[in-house]
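In structure tokens form, the structure reads like this:
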């Protein structure tokens, strides 16, 4: 799992991957995944977007991705 535009260079979210590894996507895992993700990315405010927006979008993209793979 990796994200761009949330740090000076693209970031691989190794700890977030560890939370997911070996677990089913039940009720507790999505919250744990988001909590871990927020410790691994550090978006900044700039002329294109705010840090809070980038953080929110990153979490939403990850949850959407997990939902799609869980339903396939």
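Residue numbers (the working numbering): 466 to 537. Note that beta-carbon positions come from the ideal geometry of N, C-alpha and C, so glycine has one too. As the structure is a prediction and not an experimental result, all values here were calculated from the model.
- Under the three-pair Cβ rule at 8 angstroms, the stretch 524-531 counts as touching the stretch 493-504.
- Under the three-state reduction of DSSP, residue 476 is assigned to strand.
- Below 8 angstroms, enough C-beta pairs join the stretch 505-519 and the stretch 470-482 to call them touching: three or more.
- Taken through DSSP and simplified to helix, strand or coil, residue 507 comes out as coil.
- Between residue 528 and residue 495, the C-beta gap is smaller than 9 angstroms, which places the two residues in contact.
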